[in-house]
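Note that full-length UniProt numbering numbers the sequence shown so that position 42 is 42, with each residue one more than the last. Just so it is clear, CB atoms sit at the ideal spot from N, CA and C, and this is done for glycine as well. The structure appears right after this line, and notes come after that.
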Amino acid sequence: GMHAKGWSREQGIKYLQQTLGYTEAASRQAIERYMAWPGQALGYKIGSLKIMELRHLAEAELGQRFDLRQFHDAILSDGTLPLSLLETKMRKWITEQKSVNANK
1 GMHAKGWSRE
11 QGIKYLQQTL
21 GYTEAASRQA
31 IERYMAWPGQ
41 ALGYKIGSLK
51 IMELRHLAEA
61 ELGQRFDLRQ
71 FHDAILSDGT
81 LPLSLLETKM
91 RKWITEQKSV
101 NANK
């Protein structure tokens, strides 16, 4: 709403408090960050969507063998990666998990 709806700083702070339950300090910090770097939050959202896409893929491919803890470990193990490399890595991980689980 900040940029698309032209909200004031205070409207943005109030929105985060009311809809997300953020404290005033956390709301203020987030809104000031969005005002200074309007595209910054988009990076988080795109990453979140990609991780959820990969999780759904892993769940579909592995079925009952899917382990959320192992998935999280695999996602985080190499630190920050470009999303294209993360996808390649996780597709390989899924293939490896199929092999490991097939041998059990």
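Practice prompt. Decide if S27 is buried, meaning its Cβ has at least 16 other Cβ atoms within 10 Å, or exposed.
Written response: buried
Item to complete: Reducing DSSP to helix, strand and coil, say where S84 ends up.
Response: helix
Worksheet item: Do the stretch 38-49 and the stretch 19-26 meet, that is, are 3 or more Cβ pairs less than 8 Å apart?
Response: no
Worksheet item: What did DSSP end up calling K89 once you bin it into helix, strand or coil?
Response: helix
Discussion item. Between M2, E59 and G79, which has its C-alpha nearest R91's C-alpha?
Written reply: E59
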